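Numbering-wise, this note's numbering puts 101 at position 99 of the first sequence, and it's gapless, one number per residue.
Just so you know, even glycine gets a beta-carbon here, dropped at the ideal spot from N, CA and C.
None of the values given here were measured: they were computed from a predicted structure.
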Amino acid sequence: MPLKVQNTMSGQMEEFQPYQGKKVGMYVCGINTYFDSHMGHAKSAVTFDVIRRYLVRNGYDVTYVINFTDIEDHCIERTIKLGIPLEQLTEKYIGEYHKDMGRLGVKKADIYPVASHHMDEIIQAIQKLIDKGFAYESGGEVYFDVMAVADFGKLSHRKIDDMQAGARVAVDERKRSPMDFVLWKNKKEGEPFWKSPWSEGRPGWHIECSVMSMKYLGESFEVHGGGTELVFPHHENEIMQSEALSDKPFVKYWLHGGLMNIGDEKMSKSLNNFFTIKDVLKDYDPLVVRFFLLNTHYRKPIDFNQKALAEAGQALGRMQNTLDSVIAASKTATEGQDEFIDRAKEAVEKFDTAMDEDFNSRDAIASIFEFARDVNKYLESGPKKSSLEEIVQAFKVFDEILSIFTFEKDGDSHMLAPLMEIIIDIRQKARADKNFQLADEIRDRLKEMGIVLEDLAEGVKWKVL
RNA sequence: GCCGAGGUAACAUAGCGGCUAUGUGGCGGACUGCAGAUCCGCAUACGGGAGUUCAAAUCUCCCCCUCGGCUCCA
3 MPLKVQNTMS GQMEEFQPYQ GKKVGMYVCG INTYFDSHMG HAKSAVTFDV
53 IRRYLVRNGY DVTYVINFTD IEDHCIERTI KLGIPLEQLT EKYIGEYHKD
103 MGRLGVKKAD IYPVASHHMD EIIQAIQKLI DKGFAYESGG EVYFDVMAVA
153 DFGKLSHRKI DDMQAGARVA VDERKRSPMD FVLWKNKKEG EPFWKSPWSE
203 GRPGWHIECS VMSMKYLGES FEVHGGGTEL VFPHHENEIM QSEALSDKPF
253 VKYWLHGGLM NIGDEKMSKS LNNFFTIKDV LKDYDPLVVR FFLLNTHYRK
303 PIDFNQKALA EAGQALGRMQ NTLDSVIAAS KTATEGQDEF IDRAKEAVEK
353 FDTAMDEDFN SRDAIASIFE FARDVNKYLE SGPKKSSLEE IVQAFKVFDE
403 ILSIFTFEKD GDSHMLAPLM EIIIDIRQKA RADKNFQLAD EIRDRLKEMG
453 IVLEDLAEGV KWKVL
């Protein structure tokens, strides 16, 4: 089954096909480096992490680029307020970003370009746009001339005339058209600035991404991602700038993720209703958070709340529990295999089929739950070693993409197993003597240190939480 | 106003022409000294209205509601 992706540009599902062979360039808009990342950023990072992992699983040679925007109002405001150089602020939050995302199991991108390190290229690009007649200078500022491009709005599907320019902010009188956007702006008093042919100032937000993505991925590349709120104006403007510069199609597939909401509002820094990743990880296992994010299709919004996270913990625990049992059983199972080995292979196929449909991780997870139920049944029917190993392999495939399972627990030391055998033996004797008080005490005290006992018909099972 | 994404059982999510789904929670069983885990079963669905079709949650049209975008924002 071929991989299909929902392309915002066409509004349709399209078969995924790189420009050349197996090479895939992938660019995702990262964060503004002035504050700790919140759960909305986590959703984006995890979404595209999974997409990247799945592309790699399908044999694509992915070059993944995530940018950091450090030349932007909030960063500048912050650097002035704290009285530290911009560079220092940028570095601090890049470090925090990597820490947070690392804890969430997000694999590192190949390149993390920083806007302020690309000033020469940005200025050159702006000059080129002026030279080619796509931009104009006005009072030390440079604007992109929207009227100079024929296909305005092809990503967001809107027409210039239909929009209420200045609906929320007054139109700048220096612009020729209200839809024109700034490429270079004058510095304000006390702000960091760079020298340019037009004025001492700084670049606009959109041009930074055009320049950095094309620098590292070429003038045309395959995948560009981000949250839906970036479709307009940011990505629309990126397209206009990039294609004006290169005269080539910019990006083949536009992938947009749904937003993280709180109640009926999106989570955002400016609305001040955000939960930072650090705060959430104080209360929840990173694997649970990751599962929570992947249990909804990436293009849909997710409502952030404690109940949903708790539920995610329960649900993930169900699957992990099955995995634990399989691993434990495989240590003592009889050699050989049986027909369940095919069920394990089928599980991987179902998983891939779901992921092939625009990275439908939710559907993929549902298939794992079904598999887990079958596995649980199988475990009670005298499982064979090879089949159990095949099940573990299947979970390894799921985990290669989702990264939500644990295969080895910290407490798994060589001494622990024989020690537990002794304790369980003694407790079984107490139970045989109907000394339930002692039996319960042993169980309770083990639980306190994170070891759970389960009395089953076929014997006592233990596991480390 | 315009563009986009949605409205699925108690809740949260998939599905998107015929196979009634997945998890959490609830109820009832099996197992059990108890607890937990696990299994089996039950209940409660497709925003409203018209239409197309042998057949619609899935297609068409109209309406209602929610969110996002048209300032910065993953």
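Tell me whether the beta-carbon of residue i lies closer than 9 Å to the beta-carbon of residue j.
i           : j           : result
residue 336 : residue 265 : no
residue 71  : residue 32  : yes
residue 240 : residue 226 : yes
residue 297 : residue 312 : no
residue 271 : residue 76  : yes
residue 247 : residue 269 : no
residue 178 : residue 147 : yes
residue 304 : residue 45  : yes
residue 193 : residue 78  : yes
residue 359 : residue 15  : yes
residue 89  : residue 207 : no
residue 294 : residue 314 : yes
residue 108 : residue 47  : yes
residue 234 : residue 277 : no
residue 440 : residue 429 : yes
residue 438 : residue 325 : no
Let me know the secondary structure DSSP gives residue i once reduced to three states.
i           : result
residue 121 : helix
residue 372 : helix
residue 159 : coil
residue 350 : helix
residue 229 : strand
residue 207 : helix
residue 459 : coil
residue 257 : strand
residue 66  : strand
residue 387 : helix
residue 302 : coil
residue 238 : helix
residue 453 : strand
residue 273 : coil
residue 8   : strand
residue 181 : coil
residue 294 : helix
residue 146 : strand
residue 29  : strand
residue 35  : coil
residue 264 : strand
residue 324 : helix
residue 520 : Beyond the ends of the chain as shown, which are 3 and 467, falls residue 520; an answer cannot be given.
If distances are taken between C-alpha atoms only, which option among the options comes closest to residue i?
i           : options               : result
residue 111 : 400, 194, 436 and 67  : 67
residue 407 : 370, 53 and 73        : 370
residue 30  : 54, 11, 8 and 19      : 54
residue 142 : 88, 190 and 295       : 190
residue 463 : 127, 381 and 43       : 381
residue 128 : 85, 88, 183 and 109   : 183
residue 2   : 277, 242 and 258      : This structure does not reach residue 2, given that the chain is present from 3 up to 467, and the question cannot be answered.
residue 69  : 405, 113, 102 and 37  : 113
residue 218 : 460, 340, 26 and 349  : 26
residue 332 : 354, 346, 284 and 392 : 392
residue 13  : 376, 275, 342 and 257 : 257
residue 104 : 357, 308 and 288      : 288
residue 308 : 154, 285 and 209      : 285
residue 404 : 452, 334, 300 and 233 : 300
residue 43  : 254, 200, 9 and 229   : 229
residue 9   : 158, 204, 466 and 84  : 158
residue 136 : 255, 185, 401 and 118 : 185
residue 259 : 325, 374, 232 and 180 : 232
residue 310 : 328, 325, 322 and 282 : 282
residue 187 : 180, 138, 204 and 436 : 204
Could you check if residue i is buried or exposed, using at least 16 other CB atoms within 10 Å of its CB as the buried criterion?
i           : result
residue 213 : buried
residue 116 : buried
residue 197 : exposed
residue 39  : buried
residue 163 : exposed
residue 338 : exposed
residue 361 : buried
residue 386 : buried
residue 334 : exposed
residue 377 : buried
residue 22  : exposed
residue 169 : The predicted model places residue 169 with a pLDDT of 49, which falls under 50 and marks its position as unreliable, so this point remains unresolved.
residue 97  : exposed
residue 41  : buried
Is any heavy atom of the ligand COA found at a distance shorter than 8 Å from the C-beta of residue i?
i          : result
residue 76 : This structure simply doesn't include the ligand COA, nor any ligand for that matter.
Could you tell me which whole alpha helix (DSSP H) segments of length 4 or greater appear in the segment 73–143? 75–84, 88–105 and 121–133
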